[in-house]
Amino acid sequence: MNTVASLAKAYSLASVWHARQRRKGKAREPYIVHLAEVTDLVTSATAGRDIDLTIAALLHDAIEDAKITGAQIEAEFGGDVAQLVLEVTDDKSLPYAERKRLQVETTPHKSARAKMIKLSDKTSNLRSLAKSPPPWSFERKLEYVSWSRRVVAGARGVSVELEALFDAAAAEAERSLC
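Heads up: the sequence shown runs through residues 126 to 303, numbered per the working numbering.
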């Protein structure tokens, strides 16, 4: 399968796998919007030269949110894509606070490509927080921004472009809370 066909298949499957999922914000956007934004950020930062990374960015939440297995992703897109998705997947059997703590602790030890997905994911989430805030308390929103900064601190050094976009998104999210 060529790269265009693989990417089209990934978009199609992601649309089906996340069909019932919505963002938590006021606008309740379809979740595929987030996946497309993360994919666009990664693709732009790599000038489209890493199709496996692009597909992994699109599928980065499939295991956590859609109960898709790494084996299913590997069967459809190969071991490289599956490994990248697994590398950025939280263990949902752990309590929420533990998963969040582990993201901060483990991000510095991830591959450069996984760090690019993390940077893009957090950028997208903070952009959404600023534009369409979820019905969280002020304190929870502020803590989310702070936590995102701690996660991204461990991902720095892989893409000046993605880091600048994250910094802008974090600053905008903080401004939106005022």
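Beta carbons: idealized from backbone N, C-alpha and C, even for Gly.
Since the model is a prediction, treat every value here as computed from it, not as a measurement.
- Around the beta carbon of residue 129, fewer than 16 other beta carbons sit within 10 angstroms, so the residue counts as exposed.
- In this structure, the CA atom of residue 271 is about 14 Å from the CA atom of residue 244.
- Residue 218 places its beta carbon 7 Å or farther from that of residue 255.
- The DSSP-derived three-state label of residue 153 is coil.
- In the three-state reduction of the DSSP assignment, residue 226 falls in the helix class, which pools H, G and I.
- Assignment of residue 274 by DSSP, reduced to helix, strand and coil, places it in the helix class.
- For residue 195, the enclosing alpha helix (DSSP H) has its first and last residue at 195-202.
- In the three-state DSSP reduction, residue 145 falls in the coil class, being neither helix nor strand.
- With a threshold of 16 other beta carbon atoms within 10 Å, residue 162 meets it and is buried.
- In terms of Cβ geometry, residue 213 and residue 176 do not form a close pair [threshold 7 Å].
- The stretch 204-266 is shown to contain whole alpha helix (DSSP H) runs of 4 or more residues at 204-212, 221-231 and 237-256, in chain order.
- Around the beta carbon of residue 221, fewer than 16 other beta carbons lie within 10 angstroms, which makes this residue exposed.
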